Each structure stands twice: as structure tokens, then as C-alpha cells.
Amino acid sequence: MAEIFPSGLLEACVVLGVSNERLKELGLLQDKVKEPLVEAEVLQVHAPPFVTKESSSNGTQQDLAPAFSRTQRRRSFKKKRDRPLSTISNSGQTNEPAVATSNDLSVPQNIDLIALLQLCFPDGLRITSESREDYYHFLVFTDVFGNQTHGVVAQYCKPVHFHPDNGIHQNGHRLNKLQRLFTTYSICIISKYPYYNGLRDCLSSFLLQLKTSRLFDFEEQVKEFSAKLALVPIPPPGPLHVVFNLRPFQIELPSRLDVDRPVMDLDLHLPFLCFKPEQILEIISSILMEQRVVFLSTDWAKLTLVSECFMIFIHPLRWQHTFVPVLSRQMLDFIMAPTAFLMGCHTSHFEEVAEELDDLVLIDIDKGTVLSSSSNRLELPDVPLTAKDCFIFQAKGLQLHYDLDVCRAGSHTDINELRAHRRQWQRKVNTVILNITLELTVNIFSEVCDFLNYGHRVFNSEEFLRSREMTDHTFYKKVLDTHIFHSFLRDRLNQKNDAFTRMQLNIRSETRRMRAMTESPHRPTMEEISRKYLRPENCLNSRLGMSMPNLADHRLVAVPVRQMSMRTVPFHSGSWSPSRPIKTFKLPEFPPPLSYQYVQSYYNDLIKELSKAISTSTPDDSALMARFYYLRGLVNSVAGKRVDALRDFQSLYKTDMDIFPAELLNALVESLPAEERRTAERRPDLKRLISRVKRENERDRARPIDDGTVKRFELPKKHLHMEDFVQRVQESGIVRDQGTIQRLFEALTVGQQKQVDPETFCFFYNYWKETEGAAQDVDLPAGVLEHLVTDECVYKLSSSVKTSHGVGKIAMTQRRLFLLTEGRPGYVEITKFRDIENVKISSTPFLLLRIPTLKIKTSLRKEMFEANLKSECDLWHLMIKEMWAGRKMADDHKDPQFMEQALTNALLMDAVVGCLQSQKAIFAATKLAYFDKKKLEVPMMVPKTTSETLKHKINPSLDQTPPQAVDVLLYTPGQLGVSELDSGGNPKLWCALSDGKVLVFDAASWSMQHNSVQVGKSRLNCMLAVNQQQLWIGSKDSFIYIINPWSVSCNKQLTEHRCEVTGLALEERTDKFSQTVAYSCSEDGSVIVWDVSTLQVRRQFRVSCDRLQCIQIHTSMLWCCGGDCLLEVRRNGTVHRKVSLPDHLLSSPRGFSCFLLFNETTAISQSEQLWAGLADAGELCVWHCRDLNKPFIRIQLKDCAGVVCMIKVKNQIWVGCQGKTRGKIYVVNTDRYTVEKELMAHDDSVQTLCSAEDRYVLSGAARADGKIAIWKVE
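Count the sequence shown with full-length UniProt numbering and you get residues 1 to 1274, in order.
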């Protein structure tokens, strides 16, 4: 059963060198050959498990293997006693390496011993007359599936004494008349994890012990050493490192920074010591372009360490090809491979390698040079200039010398203290370098995401290239066709929330975030144009710092320039934050590792230490507690305590789901014997866990295999009907809205069969791109730029025309029309779209002709603006009217998306006219005049009360096809002016969509702050801000998901409910010493009381009602809303009072939908009121809680088909309803019980309401509308 256990530190330990038999042979040849090159042999192989449970009384062998190992075995190798003598050659050529031993060798299946012999002695093995210092180097093995295994090799010398009778003596005693020579042995530790520094420390400790040992103890000592390492568990990702003693060292194994990163146990500053920043960029560029790269050095250790550093530098991109950082001289033929590779070899082979092949990238680590094998310099395109300058600027500020950091410190008397200080310094340096290189990757590829179509998994590479600077095209053309970039695209399309995504969001400017909230064509903003004139080091991002701002105000707050250095740049955005404290867990002292009883005792001690760590951890530090649970689960699994292991892994649901070991858990469940399974199923939590594992397995088997392909956009080659046309336009990235595309289809098929031929589509697409490119090439003088807002873009520019303001070109942005005068370029504003009063076409006589003239009447000027646009007149007339109508509707509905849609319609008109170029072109363009036709329709008219109360609208499902319902909204206050890193920052709006997706908006600017957080796949019903570390979300799938508001990640779940979770409530703390308690309910009437700090169940009871819908805590009593009644429940679950459905509503199929309970204070009295809404009736019922038997008050809601939700704001009750035609909000006065306002809120029912500090109310709508409205509270 060893294959089910998790991997530990050791995969195998291999000893290589010359056997005694071979040494005897060499004694005959010493006079003939000086320092002969001999053939190495595998002398020992040690791999877990090292001990097994002793045979039971019936003679059967148990299958328990108590060591961390998933190693699979293959055939054993035995010594061949009759093998012929091998020959020795001066030229360095030997026969095939031998594999010999005196015992059977149990060899891990993925280790090639033949190759290992060459890699452990890359220079060959020689018998020398002088001893050499111990030497370490590092290996990487990659199998056919791309899985990597890592090795650390220690070479050490032993003396060999030859007797006259050709006998040998190796114990180091001096004897007269003996010839003393030295032979080298290698010990190679192989691990699945790249713990290069840690494993080197292990070998260093072992060699100290080995040099004082006797020869006949050697094999047993290696085996004990290997068995000790097999007892070391690997820490999970996060803030916990594992420490253990191998005298004289205390060795620390760092954890991964996050789940998606590899282990990082090496010094990332090494390449910066070997190369200048410009050369580092050249190497990264060659890797990104998948060149054939060869590292060279006289030091074998540098080859692997430097190569691995560059693999980390390009994260999250992953090298997809051959990776062999160390090639022995026998392996140089590998460099002839025709595909991309990254390899390393000795500098002495430079000429040989350079002459064999052209176009190799040759990187000399010792000299710090980057060359091509075909020329003296590397002729690959540089990384984009902005990213390059930013990287060089930051790299030059790095402090890379440890001695400078410790020159003020005293000397350490303890070697382990000195090593700990060095590790701490290295951790800081690594953190800064990680973030500098991650920022480089983000600067190169961040805008790739703007050209992805997530629904159709399409990347529009041509459009992306058009958006790049011309000087960067060569670089991107090479990179976009690589496997490494394809894998990166796949992760982006899967919306992977990794370090790249987090940093991308953090460095994105506020203007880009606001643009991401609307669907607008790609054009450079004034801010982006201005940035071209700034130095890269001054290009820091701005951020709106206003609380609940006037959203028409787009001013930005400047941020002072900060110098970049290791000490002054607090990089927190992409990788593990250096401010997050790293804890260590020390393993018990190793037992005699070859005794089963001692090993089991060691595991028991380890479990006790982990249990003690769990019990002493504070509930606030759940991340650390989760790591202890994880480690204890690992130890329990290898110790044969499967049920205990399941219990530990079950605890991860409440501490950190990110490190949940799904594969191991599945293996544990499948391996449970019948008796242990019955024991586990007696516990409800483990029974649920086993059931969930079973469901997940069935779901995985039923799930179709997704190859994760990424399509490139291609023009069609056949006629397109409506459905195909919609998909193709969405893939192109021109527009996503299905209604707009359908109108475009009607425009392109006017007067013909309802299908678009490939030529028409091609003309249309090319014209769209040409006009887009022309807009990007508009060079506006600085005097013009200062008149425009930072987020404005020039979308359309006319030819030079005569106007009433002079001769020039008319420019159209999303806000205004202005004249770009000729001669001395100047700016003359024509009008803003919201100021237009009329637009018409008239004709102006010119000689015998009448020239069409466009006239625009504005509210700010008495005279009309006139422009002789000639043949362009009809098109400009249509475009300006559409923009005017869109602006008016955007202002009336407070929805900026209307303006963006109008802009898209106008540009589509331009493209339709440009591609059709016929008499019917203008008529076809009128099909796209959506807002110009809609502005006078009654359903689109906004009542005055609604318009005055409505502040703004947001479309959270802009990139969703079709739109998603907004099911829950929650506002969480922040501390303005306080950094997010200091747990403050701006307030946030949390939005739950109907597919289990949660979006986060900055409530100061209403811009989206983070990528969506996926919490299950089901509808989300309720949200509750429990404290600063926990935000609870109740789901239809019966789970409560817990999001960390700081990291915006969901890594905890509460799984105790059996049915849909419908309500959450928080009980106020009576004093600062009392524990916070939360309540949750599910539709079956179950109520659970939670201890918030420990996430443990305090009490659980069931109330009797028809579908429990929501709960509320009031005056230490729990109130429950069911479909048929309202219940006041004591803490022990007994019903205190009950309010039944009124008689006149007994026929209502769904009954109560929501309720509110509050104290109403007036000048003369105070009353406790209970308000309830009905799901199928347009009325509210109000009771006075002092006497529920008194007649209740009925409040009629006109044109309401049913109440969905209610909230209390000041002295008002805001009621969200399903109207008979549209979603409505009724504002009811709590003193007079009258409806003060009736707001036409949404095109579908109002699903949710929340209050923002009693200043604003936010409403979310069902699927047909799918928007969030922000309302002012009076």
C-alpha cells in the first residue's frame, strides 16, 4: 500500500563509485596509466520503505509501510560475479557503466541508473594521487510526462592503499611500502522536491559523520541516513517551515509560497551576481521565445542553480520542453536535438558545442556573457521597452551582498544562529527578486487578458499585436507562437487566481479598472497617450481616494514616486508577503530509523507535538492551524491511522481548503478496510467527507475531457447565418452584446438573403481594425490634451472640412465633439453630447450646387454649429444622434453602459458604411440606431422621482453571456486613507451572481477590484460579514463558504447543514470578553449556532415551519421566517411566540418571503415593530411586538406582484419587489406607514438590497436585468 502515502523528503539515496573488485584490477595498471579514467558503478540504492510491520501470528505479512513514500518499484539488480574485466583508456572512453552490488537493489521506477552514473561524475571518475575537497552539484530529472525529480550529489575522496600483492586497504592507516592513491565516491539524494540547500546541508552533515566511520559500517550508515530523511514530511504551502536536526546542523525546509508555485530553496540573487540586468533580460527573452539555450560554466553546481532561478523568474509561465541543466561529456549529443531545450555543460565544451549547431543561445555563467553560436552577439528581439526599463531600474536598486547587511552586527557564536540569520536575509532578497521578475512578466503580458474571449476560449492575437508598439512586434510575434505562451493563455482563460492575476489587478490604473466595467472598443486614452512622455520609473498608478464620489468626476489623486530597493519597496501584491510571519515546526529527534517499533514511537511523538501545536494555536491564526492539521494528517496516514488522518483532513474545511490533499484523501478512502470504514461512518462529519469524496469521483468520471485548447481568431471561410455570425463577432472581440450583434447582422444583410458572406465579413472586420488603428495614430498636441479628461479616447476623426468655427477636422470622443483646427493645431470645443438640443442636416448653396451641411444646436451657445461634411454628412448625423440619445439615457438611468453601447453602435455604423459603400449603406446603418429609436419609448422613460434618487448603475456580469442575476449584495466599510496592507483601505461591495461567483468592487470608485471568487457552483442565498477575517456565504448546495476579505480568497467551508442554507445572523457581543456567536439556518428548519473563533458547532436545533427562509437576532431572541409563520425562538430552540400567516393570505402558495424586526423610537415613545413581506402579494404586514394579538397594519404596494427583500435605512423601509412589468423599490415611512417613493429600479425583479452606511442603498436585479443600482438616501 506504499503508493497511497504522501511523498517525503527522500525518494532514493544512491552511492556510486568504484567497487573493491575494480580497485584490485586497477592495482595492475597503476604503472601504465597515470590518473586513469575509470568506470563508475552503482554501489548502493536505498529507497523507502525501510521498515515494515513484523509478521503477524498467522504468518501473513502486513502491508503497512511507515515512511513517506509513493515510490513504485521495478526489478532488482544483482552483482554479476562472472562479468569480464573492464578496460581502462587514456582517452577517457569507457565501456557502458556497470550496475553492481552485493545485495538486491530496490530501485524507484522513475530513476535511470545508467544516466545517473554519468550525471554524478560528469567529468568522469579518476584514481588520483592527491585528495580533493568535497564537491556538491545538483541535478534535475524529467520524465516523459514532464514530472521533475531533483538530485543533490556530494563527491568525496577516500584513500586507497595498494599492497605489493595487489590487495587494497581503505581504512586510512599508514603502512610502509604501500602506494597511496585516492578515489572519489558520490552520494546522490533524490527527491521530488527541489530542496537544494536543505539536501546539501543534509549531505554535509552526513559526510562529517562518514569521514570518522569504519569501512564495514559504511553501507549501514548510508541506509540509516536515508531512512532518517524518509521520515521527514514536506510542509504544505503557506507560513510554516519544517525544521529538523542532523548534527551539527539544524536544517530548515521552506514551504511553497503558494499552491501554484514550486518549492524555492535556492538563492535567487545568483544570476544577478553573474549577469548584468540587460543580460538577464536577454536570457529571459530567449527562454520565452523557446530558443535552444545552453548554459556553460566550469562549476557544475552553478549550472543547475542558475537555470532553476530563471525557471522561477518566468513564473507563472512554465518551460514546456527538455530541461537538462547538467550534461556529462557522454551526453553532449543531446544538444543535436531539433526542438527547443535548456541544457548545461562544462565550459571546456564551448567550442565543440558552438561549432556543431547554429542559432544556439550560449550563456557563459563564469564570464557573464550571452552569445549566439552563429555570431558574437545575440540577435533576438528585446523584451518590450517599458518592461525592460522598469526591470533594469528596479534591479539596479537591489542589495545583493550579505556582508554589507551584517557588517554592523556582532559575531555569532552558534553556527545555527548564523545560518538562521543568513536564511532570513536570503528570504528577504528572494521576496524582492520574485516580485521584480513577476512585475516584469505582468508588464509584458498583462494586456493579453483584454483580448481574450472567455466564453469561446479565443485569443485575438492580431488585435493584440496591433495594440503593441511597432518596436515590440518582433518580440511578441515570436512569443505568441510558443508552447509556453499557450499554456499561459490556458491558465488565463481558466481565470486562474495566481500571483500574476493578483499583481495585475494591483498595478492596473483606476482608469483601466473603470473601463473594464463597460464594454468599449479598444482605443488609447488620454492618460495612456500622456504616459508615452513619462519616464518608466515615474509611471506609478493613481487611485481614486474619495468615499462615495460623484461618479461623473474622473479626477485622479497623484501618488508620489517611490524609489525601488530591497528595503523600500514593500511588494505585497504578487507573491508571499514578507510581512507575513514565517513559523517553524521542529521535528522530534530521529529514532534508530531501521526499527519498526522506534519508527512507530517517533510517529506517535510527532503526532503529540502536532496536537500540542494545534491546541496552543489561536483561532485567529487559522492558516497556521491548518498546516498543523495537514502535517498531522500526513503522519497519521503513514502511521496507519487512517481514520485519524481523515479527521485531520476534515478539519481543513474550517481552516484552509487551499491545501486540501484531494488525491491523498481519495486514496485513503479507497484503502479503508471494512471495519475502519464502519468506524469512520459512525461519525457524521467523516461520513459526509467520505460521501463527498465519492461524489467528486463520480463527477470526475462523468465530466467530459477538456483538452484546454485555446483558439486563435480566424476570419470565416463560409457564409454565416445568425447564430454563427454572433459567435464569430464575439470571438473577434469587437462586441459581446448579443442584441447589438443581431442588429449588426440585420444591417449587413439589408436587401439580401439573411446570411453574411465571408467577403462582407472580411471587409467589415478589416475596416473596423483600420479605423481603430487610425484612431490610435491620432497625434494630439499637448495643448489639446489638457482640454480632455484622462479616460477620453478619440474614436472618430473626419476629413478636413469647413465649419462655422474654421477649417479643421471634427473629432469625436465618448464625451464630446471638438474641432482640431488646421494650420497651427488648436482645440475648439463644439459641444458635449449631453448639451445637444438638436441635430439636423440642411443644404448650403455653393455656386450651382447645394452642399449637405450638418447643424448642431447646443444649450450653451445661441448660434448653431455648422460643418460642410459633404459625403460624410449622413453618417455623422446618424452617429451624433445615437451618441446624443445614448448620453441622455445614460444620464437619465445613471447607467454609463448606455453611453458605451451608444458609442459601439456609432462605430459599428461607421464600419457598416465603410464596408458596404453603396446607396443602401446609410439605410443599413440606421438598423444600429438603437438608442435614437428608444429614447422616446415610454418603457425607457425614467420617472422624475427615480431619476432624482438614482445615483449610478453597475453591470457586474458584463463579460457573462448571458447576464447573471445579482442574488446577494453586501457592503463592508473600510478606512479611507489606510493601506489595504494595513487591513484598512476603501470600503467594498460584495456581489454574488447566480452561478456561485462573487465579485468585489471598490465602493469608493465602484470599480472592480479583484477577479471573481468561485464559491461552489450553486446559487448563493445570503452573506454576512462576521469579522475582519471572515465573510460567510450561504449556498444552495448546503455549504457555508468563508471568504477572507483581505486576501479575497475562499479557503474555508462549513459543511454541517444538510439542506440549502437560507439565512445567516450575528449575535452582538455583550462585552469584550464574550465570544462572537453566529447563527445559520437551512430550508428544512435546521438552525446551527457557531462559535465564530473556532468555527465549532455550539448548539443545533430544528424549528417547525414551512421552508425556513431567513433569521434575525433581536433582544437576545432568534426570530425565524418560514413560509407559513414567523417564530420567536429561545436560545435552546423552544418557540416563545408565533405569528401565523394572516387569514386573507392563507391561499398564498409561498406565504412570507422576508421580515424585519426593529425598535422604533419617537419623541414620546418607543415601540418594537415586526414587518413582513409576502412572496405572492403586493402588501406589507406590520405588528407591534408587545402584543402580537392586536390587529396588524396592512400597507398596500401598488403594481407589486410580490415582495422579495426588505432593509431598514434611517426611518425608512426599502422594499424590493417583483413588479407587474418591472422590478420596483418602494420606500415606506416607518412613522406614517405610507409609501413615500416608488422607484422604477430594474427591468427584472429586485433580488437583493443592502445599505452603505445609511447614505446609499444598493439593489441587485434578476437575470433579465443583471445590474446593480445605487440609490441616494434622504
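Every residue, glycine too, gets a C-beta built ideally from N, C-alpha and C. Because the structure is a prediction, the values reported are computed rather than measured.
Below 6 Å CB to CB, which residues in the same chain sit around residue i once its five sequence neighbours on both sides are set aside?
i       : result
Arg1098 : Val1089 and Asp1091
Thr945  : Lys1237
Gln1109 : Thr1062 and Cys1121
Report the three-state DSSP secondary structure of residue i (helix, strand or coil).
i            : result
Ile1213      : strand
Ile690       : helix
Gly914       : helix
Gly1260      : strand
Lys988       : strand
Trp1046      : coil
Arg678       : helix
Ser372       : strand
Met1206      : strand
residue 1282 : Residue numbering for the chain in the displayed model covers 1 to 1274; residue 1282 lies beyond these limits and cannot be assessed.
Lys478       : helix
Asp777       : coil
His241       : strand
Gln118       : helix
Ile284       : helix
Lys796       : strand
Lys1190      : coil
Tyr533       : With a pLDDT of only 43 at Tyr533, under the threshold of 50, the placement of this residue in the model should not be trusted; the figure read from the coordinates follows. Here Tyr533 sits in coil by DSSP.
Leu1197      : coil
Val51        : coil
Given residue i, which residues of its chain have a CB within under 8 Å of its CB, disregarding the five upstream and five downstream residues?
i      : result
Gly146 : Gln320
Glu387 : Before going on, a small fix: residue 387 reads as Ala here, not Glu. Same-chain partners within the cutoff: Leu440, Asn443 and Ile444.
Can you list, in chain order, the residues of its chain with a C-beta nearer than 7 Å to that of residue i? Leave out the 5 residues immediately preceding and following it.
i       : result
Val1273 : Val1209, Lys1210, Asp1254, Arg1255, Tyr1256 and Val1257
Pro591  : Tyr598, Val599, Ser601 and Tyr602
Cys762  : Leu715
Pro973  : Pro987 and Glu1253
Mind checking which residues open and close the beta strand (DSSP E) that includes residue i?
i       : result
Val807  : Gly806 to Met812
Thr1161 : Phe1152 to Thr1161
Cys13   : Ala12 to Gly17
Val1271 : Note that residue 1271 is Trp in the sequence shown, not Val. Run containing Trp1271: Ile1268 to Lys1272, per the beta strand (DSSP E) assignment.
Glu829  : Gly826 to Lys832
Ile363  : Leu360 to Asp364
By the DSSP assignment, the alpha helix (DSSP H) with residue i in it spans what residues?
i      : result
Glu670 : Ala662 to Ser671
His46  : Not the alpha helix (DSSP H): His46 falls in the beta strand (DSSP E), residues Glu41 to His46.
Gln221 : Phe218 to Ala230
Ala921 : Ala921 to Thr926
Arg427 : Ile415 to Phe445
Ile251 : Taken as a continuous stretch (DSSP letters only), Ile251 belongs to no alpha helix (DSSP H), being part of the beta strand (DSSP E) at Phe249 to Leu253.
Is residue i near the ligand FAD - that is, is its Cβ less than 6 Å away from at least one heavy atom of it?
i      : result
Lys935 : The ligand content of the structure shown is nil, which means the ligand FAD is not present either.
* **Contact between the segment 7-14 and the segment 183-193 (3+ Cβ pairs under 8 Å)** => yes
* Just checking, does the segment 268-282 make contact with the segment 334-342 on the three C-beta pairs under 8 Å criterion? -> With a cut-off of 8 Å on Cβ pairs, the segment 268-282 is not in contact with the segment 334-342, counting fewer than three such pairs.
* Start-end ranges of the beta strand (DSSP E) lying completely within the segment 1068-1126, minimum 3 residues -> 1077-1082, 1086-1091, 1096-1102, 1108-1114 and 1117-1122
* Are there three or more Cβ pairs, one per stretch, closer than 8 Å when the segment 708-716 is compared with the segment 689-699? -> no
* Contact between the segment 291-298 and the segment 342-349: three or more CB pairs below 8 Å? -> yes
* Counting Cβ pairs, one atom from each stretch, are 3 or more of them under 8 Å apart for the segment 1050-1060 and the segment 989-996? -> no
* Asked: Do the segment 924-935 and the segment 1215-1230 make contact, defined as three or more Cβ pairs closer than 8 Å?
  -> no
* Please determine if the segment 717-727 and the segment 746-766 are in contact, where contact requires at least 3 C-beta pairs separated by less than 8 Å. => yes
* To do: Please determine if the segment 33-53 and the segment 142-159 are in contact, where contact requires at least 3 C-beta pairs separated by less than 8 Å.
  => Too few Cβ pairs lie closer than 8 Å, so no.
* **the segment 203-211 touching the segment 233-252, judged by at least three CB pairs closer than 8 Å** => yes
* Asked: Okay, do the segment 302-320 and the segment 399-413 touch, 3+ Cβ pairs below 8 Å being the bar?
  -> no
* Asked: Between the segment 950-968 and the segment 914-929, are three or more C-beta pairs nearer than 8 Å?
  -> The segment 950-968 makes no contact with the segment 914-929: fewer than 3 CB pairs, one atom from each, lie closer than 8 Å.
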